[in-house]
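First residue of the sequence shown? That's 23 in the working numbering, and the numbers climb one at a time after it. Okay, so here's the structure we're looking at.
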Amino acid sequence: SIGLEELRSRLSIIPQEPVVFTGSVRYNLDPFGEYADAELWSALEKVQLKSVVEGLPGRLEAPLAEAGANLSIGERQLICASRALLRRTKILVLDEATAAVDLETDALIQEIIRREFADCTVLTIAHRLNTIIDCHRVLVMDGGTIREFGAPYELLKARGAFFEMCKKTGPAMFSHLYQTAKRAFRRNSMAKKGTNIGKESSSFPVDVDFDDNADVEDGNVLIEEEEEEEGEEEIDGCDNNNTNTGNSVDT
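Following this line, the structure appears as structure tokens:
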């Protein structure tokens, strides 16, 4: 067993509603005074907040209003991300972390997670499919029960609940999600020691009937597998681990 205090010390959580304390920037980043100024500035730079804080009167000592009222929603969430960066825990939980931010900030946060937490286990709770489409595994829940669990690319090929969720995004987004999932599957497979990545069979074109077919001829979209270089072998499968090479393990 593990004590509650030790367990909490090994976890970092970025929630949907960013937690910002009444106090200085320094206090919000490092409430227990554990890190040097250089580490605080490095964390701020990685989340693209360094210039923002440098422009505040007092810089690291600049006061933040209650609940971060003097910051935008995106900036508050980036404060939480920089706090998680400083702690460097092995488990990061994203609880709808980007649900309330604009798409640009969403993309920035996802880039930070992929780059800075590549050696961590990341558990992502999300509704935006593009947020989790390149993860190692996706757990699809429905009514409190598990519907599916596996690599996004494999779930798309299985044409189950996850496939239907992606299909509802429309032809253009479905194509983007499918290709992103495929690339992530191959990248994660290559990271698996001893896995040979080679020519994938082009026998799985995705033929999807969409409800809204205004931009799709005959109501179908055909996503052909791109041709791979000659001399490569087929993917046998992806035995993913829980570390975050492209992103995460998802819930």
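For every residue, glycine included, the Cβ atom is placed at its ideal position computed from N, Cα and C. In this text, all values refer to a predicted model and were calculated from it rather than measured experimentally.
Item                                                                                                   : Value
Given 8 Å, three or more beta-carbon pairs between the stretch 103-119 and the stretch 25-38           : yes
Burial state of LYS189, where buried means 16 or more other Cβ atoms lie within 10 Å                   : buried
Residue nearest to ARG205 in terms of C-alpha spacing, selected from LEU26, CYS157, GLU133             : CYS157
Expected contact under 8 Å - CB spacing of ILE113 and ARG30 to nearest Å                               : The pair is not a contact, with the Cβ atoms about 11 Å apart (cut-off 8 Å).
Residues near MET187 in its chain [Cβ-Cβ closer than 7 Å; skip 5 each side]                            : LEU151
Coarse secondary structure for ASP237, derived from DSSP in three states                               : Interpretation of ASP237 is limited by its pLDDT of 39, a score under 50 that renders its predicted location unreliable; the figure taken from the coordinates is listed afterwards. Reduced to three states, the DSSP call for ASP237 is coil.
Contact set for GLY182: own chain, Cβ-Cβ below 6 Å, skip 5 residues either direction                   : GLU170
Cβ-Cβ separation, GLY45 to PRO79 (assumed contact under 8 Å), whole Å                                  : With 8 Å as the limit, PRO79 and GLY45 do not qualify as a contact, their Cβ atoms being about 15 Å apart.
For GLU83 and GLU28, the rounded distance between their alpha carbons                                  : 30 Å
CA nearest to the CA of ARG98, picked from ARG109, GLY77, VAL123, THR146                               : VAL123
Cβ-Cβ distance between ALA203 and ILE155 below 8 Å                                                     : yes
ALA173 versus LEU108: straight-line alpha-carbon distance, rounded                                     : 30 Å
Secondary structure of GLU56, DSSP reduced to three states                                             : coil
Spatial distance of ALA140 from LYS72 (CA atoms)                                                       : 22 Å
CA-to-CA distance, GLU133 to LEU17, given in whole angstroms                                           : Nothing can be reported for residue 17: it is not among the residues displayed for the chain, which extend from 23 to 273.
Own chain residues within Cβ distance below 7 Å of ALA89, not counting five before or after            : VAL42
Complete alpha helix (DSSP H) runs within the stretch 148-190 (minimum length 4 residues, chain order) : 151-154, 174-180, 183-189
For ASN50, the nearest candidate out of LEU26, ILE168, SER104, GLU61 (CA to CA)                        : SER104
Bounding residues of the beta strand (DSSP E) (the contiguous stretch that carries ILE36)              : 33-36
Reference ILE100; option with closest CA among ALA129, ILE168, ILE24, GLY165                           : Inspection of the sequence shows that residue 100 is occupied by Leu rather than by Ile. Per the Cα distances, ALA129.
Rounded distance between the beta-carbons of ARG48 and ALA62, thought under 8 Å                        : Strictly speaking, residue 62 in this sequence is Leu, with Ala absent from that position. With 8 Å as the limit, LEU62 and ARG48 qualify as a contact, their Cβ atoms being about 7 Å apart.
Whole-angstrom distance between SER64 and PHE185, CA atom to CA atom                                   : 40 Å
N-terminal and C-terminal residue of the beta strand (DSSP E) that VAL115 is part of                   : 113-117
Rounded distance between the beta-carbons of THR127 and GLY96, thought under 8 Å                       : 4 Å
Cβ-based neighbour list, ASN266, same chain, cut-off 6 Å, excluding 5 preceding and 5 following        : Any reading at ASN266 must be qualified, since the residue scores a pLDDT of 38, below 50, and its modelled position is unreliable; no value is offered.
For LEU86, the residue or residues it bridges with in DSSP                                             : GLY45
Cβ neighbours of VAL115 in the same chain (closer than 6 Å, five flanking residues each side left out) : ILE35, LEU145
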